[in-house]
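Participant: If you read the protein sequences in the order shown, they are chains C and A.
Just so you know, we're using my numbering here: the first sequence kicks off at 4 and counts up by one.
Just so you know, we're using my numbering here: the second sequence kicks off at 225 and counts up by one.
Where a beta carbon is used, it is the ideal one built from N, C-alpha and C, also for glycine.
Here the structure is a predicted model, which is why all the values come from computation and not from measurement.
My questions will all concern the structure given below.
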Amino acid sequence: MRKAALFAGLLAGFSTFAVNAAQAVEIEYWQYVFDTRVKAMDQLIAEFQKANPGITVKQVTFPYADYQTRVIAANMAGNAPDVMQLFYGWLDKFVAGGLLQPLPKDAFPHDKIEKDFFPIVTAMKRDGEYYGLPTAVRSLALFYNKKLFTEAGLDPNNPPKTLDEYVAAGQKIAKLDGAGNIVVAGSTVDMGGQDHQWWREVLIRQFGGTPYTDNDTKVAYNSEAGLKALNFYTSLQLEKKIGKAGFMDEGQAAFRGGKAGMTIDGTFRLGSFKTIKDFEWGVTELPANAQGVRSNYASYFANGISAKTKGEELEASKKFLAYITSPAAMDIWLKTVGELPALRSAALTEANLKDPIYAPFLKGLEYAHTTLFKDELGQRQNAIDMVNRVLLEGQSTKDSLAQAAEAEQEMIDAAKP
Amino acid sequence: MAAIEQREAASGRPISGSGLSMRTKRLLWVWSFLAVPILFYTIIRFYPTFQAFYLSLTNWDLVRPPKLVWFANYIKLYKDPQFWKVFRNTFLYLIVGTPISLVLAFAIAYFLDRVRFMHNFIRALYFLPFLTTAAAMAWVWRWFYQPPPIGIINDVLALIGIPQQPFIRSTNQALYSIMVTAIWAGLGFQIIIFMAGLRAIPNTFYEAARIDGLGEWAILRKITLPLLKPTTVFLVVFSSIGFLRIFDQVYNMTTNDPGGPLGSTKPLVLMIYQTAFNSYAMGYAAAQTVVLFTILLIVSLLQLFILREKK
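See the structure below:
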């Protein structure tokens, strides 16, 4: 009796196992909560499941602030997702923690990755292995308020092309009240926004330097170029008075409120700015320097496969990753989220290049740089403090720059595994 | 326990059939009920507390297993100039914030106690901020403090001809600007407690004092304040702990540059948060937590000692 029951149980277990194997594999996909991203992913999953009836994908999301901790904790607890989204800047930590496996070369050959994707994808490469691929990428551009341009007597269809033109336009737009307070900013000055990226990867290069060397592990901006870049940036507030840090609380708020002529921001701001009703705005490439040198900062969230995924889940994950990094998926992502396709062929289409909003961002991708942050928030804070020391405490730009370079080098060294 | 034993002895009921005395049975019952909160507390409070002490001696970074580094975290903390700045900020919140908030709360409670006209309404107004979410209040104040053209406080200053103030955009004013909001938020609670304390003082004392011809000031000094001491002790400890743990107001009023500008408003708790959840240096963050714990312990014990009942 007991034996029979045992046998029956065994049989039942075995048969469900066999049926499961033949029928469905479920894999888990994790990303952080951001309304349009979640919607886009739902759509991608539906498309993918239609094409691959044997596979179901479960999307799990967490608030951005918790996301990293959740992934790491889940990995320790042994229930990590199969495919996960990660910011390119987290890669070192995720690889060191054994969270990711190298992308299998059979499904994702390196020569193909390097040929098809924008060059910034190399930020996902460590020791000759790729650990993830992006669906979409983000870059910066100059947003400008056409109404304020017209009011200041500037041509709203001819936004500034060089840094000099940018400053000149800013000075024309900026309005001060009797007490010298800014009422309308020519351009926003907000290091806590995207300006720190602009200073680091764009201005320093335009003044003839490089922000870092040795794979971004050696701080190199304590140089004449770095100083010129910092002088230029702080002079926007101190001498040219085209903007003021903290004006309307945040740069993006000032622009949204129609109180700033220009602001530098990324593709991710498009969704928010598209709801502006009070005025028309335009986008243009970040201003070049006098010699025509341009640069940009690009970043992205990539998708990687968990180190613990194997067998049929791994096969399913490979298929899913291949799908979400395909041109079709990127098209859906662009339409839903507004982020630019990471594949050249999907991004640089005629329609996209004609689009007045996407085109400046896409052009920026061609010459963009991607900082390999070791401690993203720490390095950002360091740049904010560097500018604040000059703006608030009157420290000389030279001393502040030197102090920032030293502090950042320490931060980078401390993050070494 | 003693109460139960006494009652037991008094009732002197016979031993029941199960072989256990009534007293043992009762004790068993009492302890099995007590065991639930004790167990809960041990798992939720004490275990993590001791774990934090252990973690502070390791280099745990969340992804790799912790390795014992002994006192390296504490040495690093001692040498970290940012820590000393944060330490100073935390004590500024405490040393300036606690007395101001208590004096203010007492003054308001003292006079509100005598107001009959719309008493409940005024009291409710003072209590309202205490009921509001700290995050929501912090954002409202953040907008109050903005430079022109959107900051209300600066608009008012402009009206009366006082130059514009940078408030939370200044390294000198930011800490006090945030402290004001924290004091305001906690005021309602302190007023209520003070008023309860004032009401508890028997009227006969006051009557006797007035018959003896004591002035208001003397009554306040000789009767009200001494008899209010238990209330004051409670509020001093409570408010000190609150200021030592300040976080919500600071974090929400400076989200773009947390604890800024230039770290001038950063309290210890925010530093712990950043070390743990931005840099993922869990061991280092645990060491900071242990330091905070020690400070809280010392400050609380010191206050209880200084304000103790002299018998």
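Could you give the uninterrupted runs of the alpha helix (DSSP H) lying entirely in the segment 115-187 of chain C, keeping only those of 4 residues or more?
Facilitator: For the segment 115-187 of chain C, whole alpha helix (DSSP H) runs of length 4 or above, ordered along the chain, are 149-154, 166-176.
Participant: If we ignore side chains and look at the alpha-carbon of each, how far apart do A259/A and R247/A end up?
Facilitator: If you number the second sequence from 1, residue 259/A lands on position 35. If you number the second sequence from 1, residue 247/A lands on position 23. Their Cα atoms are separated by approximately 18 Å.
Participant: Just list the residues that DSSP pairs S212/A with in beta bridges.
Facilitator: Shown here, chain A extends from 225 to 535; a query on residue 212/A therefore has no answer.
Participant: Straight-line CA distance for K243/C to D167/C?
Facilitator: As a working note, residue 243/C is residue 240 in the first sequence. As a working note, residue 167/C is residue 164 in the first sequence. Answer to the nearest angstrom: the Cα atoms are 12 Å apart.
Participant: Taking the alpha helix (DSSP H) that L337/C falls in, what are its first and last residues?
Facilitator: As a first step, residue 337/C must be located in the first sequence, where it is residue number 334. Segment 330-339, the alpha helix (DSSP H) holding L337/C.
Participant: Quick one: measure Cβ to Cβ for Q473/A and I402/A, integer angstroms, because I've assumed they're closer than 8 Å.
Facilitator: Walking along the second sequence from the start, residue 473/A turns up at place 249. Walking along the second sequence from the start, residue 402/A turns up at place 178. With 8 Å as the limit, Q473/A and I402/A qualify as a contact, their Cβ atoms being about 5 Å apart.
Participant: According to DSSP, T216/C sits in a beta bridge with which residue or residues?
Facilitator: Position 213 of the first sequence, counted from the first residue, corresponds to residue 216/C. DSSP output for T216/C lists K221/C as bridge partner(s).
Participant: Where M361/A and T352/C are concerned, what is the direct C-alpha to C-alpha distance, given to the nearest angstrom?
Facilitator: The sequence position of residue 361/A within the second sequence is 137, counting from 1. The sequence position of residue 352/C within the first sequence is 349, counting from 1. Those two C-alpha atoms are separated by around 48 Å.
Participant: Note down, in chain order, every chain A residue with its Cβ under 9 Å from the Cβ of M333/C.
Facilitator: Taking the first residue of the first sequence as position 1, residue 333/C is located at position 330. Correct list: empty, because the minimum Cβ distance to chain A is about 30 Å.
Participant: Below 8 Å on C-beta distance, what does R288/A contact in chain C?
Facilitator: Start at 1 with the first residue of the second sequence, and residue 288/A comes out as number 64. Going along chain C in sequence order, the residues near R288/A (Cβ under 8 Å) are A99, G100.
Participant: Could you work out which residues of chain A lie near L380/C, taking near to mean beta carbons separated by less than 7 Å?
Facilitator: Along the first sequence, read from residue 1 onward, the residue named residue 380/C stands at position 377. Within chain A, the residues near L380/C are N502.
Participant: If you draw a straight line from the alpha carbon of P163/C to that of R288/A, how long is it in whole angstroms?
Facilitator: By one-based count along the first sequence, residue 163/C stands at place 160. By one-based count along the second sequence, residue 288/A stands at place 64. Roughly 49 Å between the two C-alpha positions.
Participant: Residues of chain C with CB closer than 9 Å to the CB of D481/A, please, in chain order.
Facilitator: Taking the first residue of the second sequence as position 1, residue 481/A is located at position 257. M194, G195, Q384, I387, D388, N391, listed in chain order.
Participant: Below 7 Å on C-beta distance, what does I75/C contact in chain D?
Facilitator: This model lacks chain D altogether; the protein chains it does include are C and A.
Participant: Run through DSSP, which three-state label would D268/C get?
Facilitator: Taking the first residue of the first sequence as position 1, residue 268/C is located at position 265. Correct three-state label for D268/C: strand.
Participant: Would you grab the beta carbon distance between F37/C and A345/C for me? Rounded to a whole angstrom, and I think it's under 8 Å.
Facilitator: Position 34 of the first sequence, counting from 1, holds the residue named residue 37/C. Position 342 of the first sequence, counting from 1, holds the residue named residue 345/C. Actually they are not in contact, since the Cβ atoms of F37/C and A345/C sit about 17 Å apart, beyond 8 Å.
Participant: Mind checking the segment 250-281 of chain C against chain A and listing, in chain order, the residues whose C-beta falls within less than 7 Å of any C-beta there?
Facilitator: From the segment 250-281 of chain C, only F250, M251, D252, E253 have a Cβ closer than 7 Å to chain A.
Participant: List, in order along the chain, the chain A residues whose C-beta lies closer than 8 Å to that of E396/C?
Facilitator: Mapped onto the first sequence, residue 396/C falls at position 393. Within 8 Å Cβ-Cβ: T395, L486.
Participant: Taking C-beta to C-beta, are A332/C and T59/C nearer than 8 Å?
Facilitator: Against the first sequence, residue 332/C aligns to sequence position 329. Against the first sequence, residue 59/C aligns to sequence position 56. It is not a contact, given that the beta carbons lie outside the stated cut-off.
Participant: Grouping DSSP H, G and I as helix and E and B as strand, with all else coil, what is P56/C?
Facilitator: Working through the first sequence from its first residue, we reach residue 56/C at position 53. Residue state, collapsed to three classes: coil.
Participant: For chain A, check one thing: does any of its Cβ atoms lie closer than 8 Å to the Cβ of K178/C?
Facilitator: The residue you call residue 178/C lines up with position 175 of the first sequence. So, not an interface residue.
Participant: Since G375/A is in the beta strand (DSSP E), which residue starts that stretch and which ends it?
Facilitator: Counting from 1 along the second sequence, the entry for residue 375/A is found at position 151. Looking at the DSSP string, G375/A is not in any beta strand (DSSP E), and its letter there is neither H nor E.
Participant: What are the start and end residues of the beta strand (DSSP E) that includes E31/C?
Facilitator: For the purposes of this step, residue 31/C is taken as residue 28 along the first sequence, with counting starting at 1. E31/C -> beta strand (DSSP E) spans 28-35.
Participant: For the segment 147-159 of chain C, list every residue whose C-beta sits within 8 Å of some C-beta in chain A, in sequence order.
Facilitator: Answer set for the segment 147-159 of chain C: empty.
Participant: Contact between the segment 372-382 of chain C and the segment 147-156 of chain C: three or more CB pairs below 8 Å?
Facilitator: No: fewer than three Cβ pairs fall under 8 Å.
Participant: I'd like to know if A182/C contacts chain A, where contact means its C-beta is closer than 8 Å to some C-beta of that chain.
Facilitator: The count along the first sequence starts at 1 and reaches residue 182/C at position 179. Yes - at least one Cβ of chain A is within 8 Å of the one on A182/C.
Participant: Provide the residue(s) that pair with A371/C in DSSP beta bridges, ordered along the chain.
Facilitator: Translated into the one-based positions of the first sequence, residue 371/C becomes position 368. DSSP, once it has assigned bridges, lists N299/C as partnering A371/C.
Participant: For a cutoff of 8 Å on Cβ pairs, would you count P371/A as touching chain C?
Facilitator: Translated into the one-based positions of the second sequence, residue 371/A becomes position 147. Yes - at least one Cβ of chain C is within 8 Å of the one on P371/A.
Participant: For T428/A, which three-state DSSP category applies?
Facilitator: For this step, residue 428/A is matched to residue 204 along the second sequence. Three-state result, T428/A: helix.
Participant: Would you list, in chain order, the members of the segment 374-386 of chain A that have their beta-carbon closer than 7 Å to a beta-carbon of chain C?
Facilitator: Listed in sequence order: I374.
Participant: Applying the 10 Å Cβ sphere with the 16-neighbour rule, what's the burial state of R269/A?
Facilitator: Here residue 269/A corresponds to residue number 45 of the second sequence, with the count starting at 1. Exposed, by the Cβ-count rule.
Participant: Over what stretch of residues does the beta strand (DSSP E) that includes L324/C continue unbroken?
Facilitator: Counted from its first residue, the first sequence places residue 324/C at position 321. First-last for L324/C: 314-327, but that is the alpha helix (DSSP H), not the beta strand (DSSP E).
Participant: Pick out the complete alpha helix (DSSP H) segments inside the segment 59-99 of chain C, 4 residues or longer, and give them in chain order.
Facilitator: Here the runs fully enclosed are 67-80, 94-99.
Participant: Would you decide whether F17/C is buried or exposed? Buried here means 16 or more other CB atoms lie within 10 Å of its CB.
Facilitator: Within the first sequence, the letter at position 14 stands for residue 17/C. Note that F17/C scores 46 on pLDDT, short of 50, meaning its location in the model is unreliable; the coordinates nonetheless yield the value given after this. Exposed: under 16 other Cβ atoms inside 10 Å.
Participant: What are the complete alpha helix (DSSP H) segments, minimum 4 residues, inside the segment 440-472 of chain A?
Facilitator: Fully enclosed alpha helix (DSSP H) runs of 4 or longer: 440-443, 453-468.
Participant: Less than 8 Å between the beta carbons of D85/C and E316/C, yes or no?
Facilitator: Position 82 of the first sequence, counted from the start, is the residue given in the question as residue 85/C. Position 313 of the first sequence, counted from the start, is the residue given in the question as residue 316/C. Yes, the pair counts as a contact, with Cβ atoms nearer than the cut-off.
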